[in-house]
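Let me begin by presenting the structure, written as structure tokens, before commenting on it.
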Amino acid sequence: FIAGILFPWTRLAVDRSLFVCISDPYVKVWLMNKDKRVEKKKTVVMKRCLNPVFNESFPFDVPAHVLRETTIVITVMDKDRLSRNDVIGKV
């Protein structure tokens, strides 16, 4: 059994024109295997920030035999206190 560790690193600057008003952005990172969600990690929420820069890394343990079928989905979210969080962008 050989395991690998993935370290997705977020360093993302978001364009100010995407926001209508002050937002509370954060990033969710999903580890996917064959279109199934395996594990989720997320950044801290940058409160009232129009130009967030996320400088965080997320280790994922991935067995070598599933490494070829493994992908990462990165979603930028806007945290809302009174309603569902909004998706700003996704890669």
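By our numbering, the letter at position 52 of the sequence shown is numbered 625, and the numbering carries on one by one without gaps.
Where a beta carbon is used, it is the ideal one built from N, C-alpha and C, also for glycine.
Source: prediction; values computed, not measured.
Straight-line gap, residue i to residue j (C-alpha atoms, nearest Å)
i, j, result
"Asn658", "Val602", "15 Å"
"Asn533", "Thr648", "Absent from the model: residue 533. The displayed extent of the chain is 574 to 664, so no value can be given."
"Phe574", "Met605", "Residue confidence is low: Phe574 scores 38 on pLDDT, short of 50, so the model does not pin down where it sits. Its coordinate-derived value is still stated next. So the two alpha carbons sit approximately 20 Å from each other."
"Asp634", "Lys607", "16 Å"
"Pro625", "Lys663", "16 Å"
"Phe592", "Arg610", "Low per-residue confidence applies at Phe592: pLDDT is 49, beneath 50, and the placement is therefore not dependable enough to give any value."
"Pro636", "Val646", "18 Å"
"Leu660", "Leu623", "Note that residue 660 is Val in the sequence shown, not Leu. Their Cα atoms are separated by approximately 15 Å."
"Thr643", "Val600", "19 Å"
Terminal residues of the beta strand (DSSP E) in which residue i lies
i, result
"Ile645", "643 to 651"
"Asp634", "633 to 636"
Bridge partner(s) assigned by DSSP for residue i
i, result
"Lys663", "Thr648"
"Arg610", "Met605"
Whole-Å CB distance - residue i paired with residue j, under 8 Å assumed
i, j, result
"Phe631", "Lys652", "That belief does not hold up - the Cβ atoms of Phe631 and Lys652 are roughly 18 Å apart, past 8 Å."
Using 8 Å as the threshold, is the stretch 592 to 607 in touch with the stretch 615 to 626, meaning 3 or more CB pairs across them?
-> Yes: the two stretches touch, three or more of their Cβ pairs being nearer than 8 Å.
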